[in-house]
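Protein sequences, first through last, are from chains G and W.
Residue 5 in numbering that gives the first Met the number 0 is what sits at position 6 of the first sequence, and the numbering runs on without skipping anything.
Residue 187 in numbering that gives the first Met the number 0 is what sits at position 188 of the second sequence, and the numbering runs on without skipping anything.
Positions of the beta carbon are idealized from the N, C-alpha and C atoms, including for glycine.
Keep in mind it's a predicted model, so treat the numbers as computed, not measured.
Shown next, in structure tokens, is the structure this report addresses.
2 protein chains.
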Amino acid sequence: MTDDTTPIWLRPERAAVGRPAERTRAEITAAAIAVADRGGPDAVSMRNIADELGTGPASLYRYVGGRDDLLDLMVDATAAEYRLDPPTGDHVRDLVAVAEQARSIMLRHPWLPELVLTRPVLGPCTLDVLDHVLEALADHPGDGRTKLEIFALLNAIAATFALNELAAGNRAERAAAYLGHIAAAGERPRITALWDELTAPNDDSDDRRAERLAALVSSLLQ
Amino acid sequence: MTDDTTPIWLRPERAAVGRPAERTRAEITAAAIAVADRGGPDAVSMRNIADELGTGPASLYRYVGGRDDLLDLMVDATAAEYRLDPPTGDHVRDLVAVAEQARSIMLRHPWLPELVLTRPVLGPCTLDVLDHVLEALADHPGDGRTKLEIFALLNAIAATFALNELAAGNRAERAAAYLGHIAAAGERPRITALWDELTAPNDDSDDRRAERLAALVSSLLQ
DNA sequence: CGAGTTCGCGAACAGTGTTCTCAAACTCTA
DNA sequence: TAGAGTTTGAGAACACTGTTCGCGAACTCG
Numbered sequence: 000m001t002d003d004t005t006p007i008w009l010r011p012e013r014a015a016v017g018r019p020a021e022r023t024r025a026e027i028t029a030a031a032i033a034v035a036d037r038g039g040p041d042a043v044s045m046r047n048i049a050d051e052l053g054t055g056p057a058s059l060y061r062y063v064g065g066r067d068d069l070l071d072l073m074v075d076a077t078a079a080e081y082r083l084d085p086p087t088g089d090h091v092r093d094l095v096a097v098a099e100q101a102r103s104i105m106l107r108h109p110w111l112p113e114l115v116l117t118r119p120v121l122g123p124c125t126l127d128v129l130d131h132v133l134e135a136l137a138d139h140p141g142d143g144r145t146k147l148e149i150f151a152l153l154n155a156i157a158a159t160f161a162l163n164e165l166a167a168g169n170r171a172e173r174a175a176a177y178l179g180h181i182a183a184a185g186e187r188p189r190i191t192a193l194w195d196e197l198t199a200p201n202d203d204s205d206d207r208r209a210e211r212l213a214a215l216v217s218s219l220l221q
Numbered sequence: 000m001t002d003d004t005t006p007i008w009l010r011p012e013r014a015a016v017g018r019p020a021e022r023t024r025a026e027i028t029a030a031a032i033a034v035a036d037r038g039g040p041d042a043v044s045m046r047n048i049a050d051e052l053g054t055g056p057a058s059l060y061r062y063v064g065g066r067d068d069l070l071d072l073m074v075d076a077t078a079a080e081y082r083l084d085p086p087t088g089d090h091v092r093d094l095v096a097v098a099e100q101a102r103s104i105m106l107r108h109p110w111l112p113e114l115v116l117t118r119p120v121l122g123p124c125t126l127d128v129l130d131h132v133l134e135a136l137a138d139h140p141g142d143g144r145t146k147l148e149i150f151a152l153l154n155a156i157a158a159t160f161a162l163n164e165l166a167a168g169n170r171a172e173r174a175a176a177y178l179g180h181i182a183a184a185g186e187r188p189r190i191t192a193l194w195d196e197l198t199a200p201n202d203d204s205d206d207r208r209a210e211r212l213a214a215l216v217s218s219l220l221q
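Right, dumping it as structure tokens:
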């Protein structure tokens, strides 16, 4: 029972007998999130998390199968930050609300978009969100597969928006440097024109972004 | 000149004087892609790539700033696999063609979706694709920012589709295991219903997937 | 009280990306 | 042709990673 292939959410946290545990899975997850929020995605190492808790790396393995489990726990823990108000009956509006929350949660945790995009986490909290989306789409045409796909794409879109706003540090700067170089060469008129637009004073308002996000989400439902 | 912040695409590959190089940046990139195709994303280590070339890890640093540069080169190299036919005048059709190619390229290189989603690579080959998209959208309303966003989302959507089809190995199986467990508990009717639909015999055809992808891409243009 | 179980965690291991270093290999100049 | 100058190749080493082993300590149960 509870072999290696069992997902973390089903593995029992503690035994009832023997020496009592000094920590909780939730505590460790919280420490990991704190480390990631402070030091970026690369800082999430077993050593750093253990240091945050004032213990050794080996201790963590009593609570968690390994680093991968811990990352899953972190992602699912952030899903608890959603406020899932009862559906209004307006499909688009309800889904946009979820997408906006996804975006702002990801902005709060800059390491999150990368993880959400890469690994298909479906823990208890994430499942609550999925359930909420299914509820909002209850009387919407389309089978379950399609609705699950809508959920995945909603996350992907929100993550893309968040990554854009986070600007991804010097990585994006390098890409911009190359784009500028090509634009300056002037051999590709379309690229040059694009570059000029991008470097022009940015009058992008929050409203425009919100509108764009809403338009995309609403288009998911067609 | 050519300090550390210069993007790889602008750093000169070789010097004209001194001992001649035995390898090429392109050769190393190809070796890295071969390793990744064969052994999955985790196999892309400097050691493995060096072994593939019959040399030591340290040698690679003469051609490439580090692992990150190499990953960028890999991603951009795959962008050379696009066939960029001249635009037909039908915006939707042209963009769908690009998205379909993105998907099939990613299926050929299972390690690609993860990288594409995570890092905003804009090398020469990727820039060709962007230029092609801009050409296809030349007479489409919307500013450059919007069109760049369309390009990013097109990639994200294609990557999401590819990841879905690749099924992501035992990671997805674990998520499914948990979903099945919750469904069996029967406390959440919507989740149980969804699970029943997912485990029912899968009559999903390629046509349905293509239709769905086309619908999403076309909705990007509204 | 003693048996049985579990926890904490220092120490060690295999693997990683990266840098240092210096001999070898080449081009250019005299 | 001899020598100076420059660049490459790559072994060895470093700092770091995730992970496992083992054992003493801490607790529950009979």
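- By the Cβ-count criterion, Y177 of chain W is buried, with 16 or more other Cβ atoms from all chains shown falling within 10 Å of its own Cβ.
- Within the model, the alpha-carbon separation for W8 of chain W versus G53 of chain G is close to 44 Å.
- Annotation for L136 of chain W: no alpha helix (DSSP H) segment contains it, and DSSP assigns it neither H nor E.
- Residues of the segment 146-157 of chain G with a C-beta atom less than 8 Å from some C-beta of chain W are K146, L147, E148, A151, L152, A155 and I156, listed in chain order.
- Distance from P86 of chain W to A166 of chain W at the Cβ level is roughly 34 Å; contact not present, criterion being Cβ atoms closer than 8 Å.
- If you check the CB distance, I27 of chain W and V74 of chain W do not come in under 8 Å.
- Against chain G, the CB of R37 of chain W has no partner CB under 8 Å away; the residue lies outside that interface.
- Residue-level contact check: Y177 of chain W touches chain G, since one or more beta carbons of chain G fall below 8 Å from its beta carbon.
- The closest CA to that of I32 of chain G, considering only G:E12, G:R13, G:T4 and G:R107, is found on G:R107.
- Taking a Cβ-Cβ cut-off of 8 Å, L59 of chain G has no neighbours in chain W, whose nearest Cβ is about 20 Å from it.
- Short of 7 Å from the beta carbon of P40 of chain W, and not among the five residues preceding or following it, lie these beta carbons of its own chain, in chain order: W110 and E113.
- Below the 7 Å Cβ cutoff, chain W contributes A167, R170, A171 and A174 as neighbours of P119 of chain G, in chain order.
- Under the three-state reduction of DSSP, A15 of chain W is assigned to coil, being neither helix nor strand.
- By the neighbour-count criterion, in which a residue is buried when 16 or more other Cβ atoms sit within 10 angstroms of its Cβ, T77 of chain W is buried.
- Setting aside the 5 residues that flank it on each side, R82 of chain G is surrounded in the same chain by Q100, each with a C-beta closer than 8 Å to its C-beta; the list follows chain order.
- Three or more beta-carbon pairs separated by less than 8 Å link the segment 142-156 of chain W to the segment 203-216 of chain G, which places the two stretches in contact.
- Cβ-Cβ separation between T159 of chain W and L152 of chain G: approximately 6 Å, consistent with a contact (criterion under 8 Å).
- Going by C-alpha positions, L69 of chain G is about 42 Å away from I181 of chain G.
- D130 of chain W belongs to the set of residues whose beta carbon lies under 8 Å from a beta carbon in chain G.
- At a beta-carbon threshold of 7 Å, none of the residues of chain G lie near R92 of chain W; the nearest stands roughly 17 Å away.
- A distance of 8 Å or more separates the beta carbons of H139 of chain G and L215 of chain G.
- Contact note: H139 of chain W does not reach chain G at a C-beta cutoff of 9 Å; the least C-beta distance is about 13 Å.
- In chain order, D130, L133 and E134 make up the part of chain G whose C-beta sits under 7 Å from the C-beta of R189 of chain W.
- With fewer than 16 other Cβ atoms from the protein chains shown falling within 10 Å of its own Cβ, V16 of chain W counts as exposed.
- Chain-ordered, the chain W residues with CB closer than 9 Å to the CB of D142 of chain G read E196.
- Restricted to the segment 74-130 of chain W, the alpha helix (DSSP H) segments that are unbroken, complete and at least 4 residues in length are 90-107 and 111-117, listed in chain order.
- Contact annotation: T117 of chain W and L133 of chain G have beta-carbon atoms that are not nearer than 8 Å.
- At a C-beta separation below 8 Å, E99 of chain G has no neighbours in chain W, since its nearest C-beta there lies roughly 17 Å away.
- Interface flag for E164 of chain W against chain G is unset, since no Cβ pair is found closer than 8 Å.
- In this structure, the straight-line span from the alpha carbon of D50 of chain W to that of R10 of chain G is close to 40 Å.
- If you check each beta-carbon in the segment 26-56 of chain G against every beta-carbon of chain W, none falls closer than 9 Å.
- Counting only residues of its own chain and dropping the five nearest sequence neighbours on each side, L72 of chain G has a CB closer than 6 Å to the CB of T28.
- Between R66 of chain W and P119 of chain G, the CB-CB gap reaches or exceeds 8 Å.
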